[in-house]
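Trainee:
Numbering (our numbering), first residue to last: 198 to 406.
1. Quick check on residue 336: does DSSP put it in helix, strand or coil?
2. At which residues does the beta strand (DSSP E) containing residue 283 begin and terminate?
3. Taking buried to mean at least 16 other C-beta atoms within 10 Å of its own C-beta, is residue 207 buried or exposed?
4. In terms of residues, what are the limits of the beta strand (DSSP E) holding residue 219?
5. Compute the beta-carbon to beta-carbon distance between residue 403 and residue 291, rounded to the nearest angstrom, for a pair I have assumed lies under 8 Å.
6. Tell me, please, whether the region 302-321 touches the region 269-277 by the rule of three or more beta-carbon pairs shorter than 8 Å.
7. Which residue spans inside the region 219-307 form an unbroken alpha helix (DSSP H) run of at least 4?
8. Please work out which residues of its chain come closer than 7 Å, Cβ to Cβ, to residue 374, disregarding the five sequence neighbours upstream and downstream, and give them in chain order.
9. Let me know the secondary structure DSSP gives residue 394 once reduced to three states.
10. May I ask you to verify whether the region 319-329 touches the region 283-297, counting CB pairs closer than 8 Å and requiring at least 3?
11. Three or more beta-carbon pairs under 8 Å between the region 336-355 and the region 364-374, yes or no?
12. Taking the straight line between their C-alpha atoms, what separation do you get for residue 211 and residue 225?
13. If you run the structure through DSSP and keep just helix, strand and coil, what is residue 320?
14. Take residue 245 and list the residues in its own chain whose beta-carbon comes closer than 7 Å to its own, dropping the five residues that flank it on each side.
15. Per DSSP, what are the beta-bridge partners of residue 315 in this structure?
16. Nearest CA to the CA of residue 389: which residue from 254, 399, 319 and 296?
17. Of the choices 391, 336, 234 and 353, whose alpha-carbon is the least far from that of residue 314?
18. Nearest-angstrom Cα distance between residue 240 and residue 258?
19. Mind checking whether residue 453 and residue 266 have CB atoms under 7 Å apart?
20. Could you give the DSSP three-state label for residue 345: helix, strand or coil?
21. Please return the same chain residues whose Cβ sits closer than 8 Å to the Cβ of residue 237, not counting the five positions on each side in sequence.
22. Taking all protein chains shown into account, do 16 or more other C-beta atoms lie within 10 angstroms of the C-beta of residue 308, making it buried, or fewer, making it exposed?
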């Protein structure tokens with residue numbers, strides 16, 4: 198994003214991360230929100246949440262050097278009474294409250310659930326610049342967020358894998374490496390991730406539909 202914090206980029210006048218938080222604010226199943234943010238930015242993010250009427254914010258805490266460490270830091274602030282946790286990329290501002298609720302419902306039923314979308318492109322496996330195989334597209338899904346888990350199960354897998362988990366870029370992979378099944382919840386609306394400046398224009402077009 199050319200040096201711009203993508204989570205604070207404005208999408209139709211509202212910061213990307215705030216749009217994500219508002220979707221959870223409007224979910225009857227989401228009890229509290231904890232933001233993992235850049236070190237030193239905690240008060241800024243908390244003030245933004247207050248400005249946009251996000252009442253479920255429990256804390257804005259400093260993130261870690263990796264995704265895993267950011268999640269680990271945030272989990273320390275989850276209230277003791279919650280048996281399930283949901284992890285979401287703040288840079289996915291188009292997530293719908295309905296899809297959040299579906300993921301959370303499935304997590305309670307199956308112990309874990311992640312938002313995912315069927316792959317529409319043909320995927321090629323490549324080695325040394327040459328195609329080695331073409332997986333059956335009907336079996337492929339693109340992992341998205343939120344990803345929700347039984348809290349005790351997730352914590353157990355974190356402890357079991359230790360530092361090996363620090364390189365994971367997907368939270369559900371933690372359970373996979375522990376041999377635990379993970380349920381797929383297909384999303385019903387666009388849930389794109391904002392990573393490049395042009396993504397903002399695409400997201401704005403989606404909001405205008």
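The C-beta atom is built at its ideal place from N, Cα and C for all residues, glycine as well. Here the structure is a predicted model, which means the values were calculated and not measured.
Mentor: Reading it off the structure:
1. Collapsing the DSSP output to three states places residue 336 in a helix.
2. Unbroken beta strand (DSSP E) run through residue 283: 281-284.
3. The C-beta of residue 207 has fewer than 16 other C-beta atoms within 10 Å across all chains shown, which makes the residue exposed.
4. Note, residue 219: premise wrong, no beta strand (DSSP E); alpha helix (DSSP H) at 213-222.
5. Taking C-beta atoms under 8 Å as the contact rule, residue 403 and residue 291 qualify, at a distance of about 6 Å.
6. With the cut-off at 8 Å, the region 302-321 and the region 269-277 do not touch.
7. Segments of the alpha helix (DSSP H) lying fully in the region 219-307: 239-248, 264-272 and 294-307.
8. Around residue 374: 358.
9. Residue state, collapsed to three classes: helix.
10. Counting Cβ pairs under 8 Å, fewer than three are found: no touch.
11. Look at the beta carbons and you see the region 336-355 touching the region 364-374: at least three pairs across the two are nearer than 8 Å.
12. Straight-line Cα distance between these residues: approximately 22 Å.
13. Of the three classes helix, strand and coil, the one that applies to residue 320 here is coil, per DSSP.
14. Taken in chain order, the residues that qualify are 212 and 215.
15. Answer is 338, bridged to residue 315.
16. Nearest option by C-alpha distance: 399.
17. Checking every option, the nearest Cα to that of residue 314 belongs to 336.
18. As the crow flies, the alpha-carbon of residue 240 is around 9 Å from that of residue 258.
19. Here the chain covers residues 198 to 406 and nothing more, so residue 453 does not appear.
20. In this structure, residue 345 counts as strand in the three-state DSSP scheme.
21. Excluding sequence neighbours, residue 237 sits near 259.
22. Buried.
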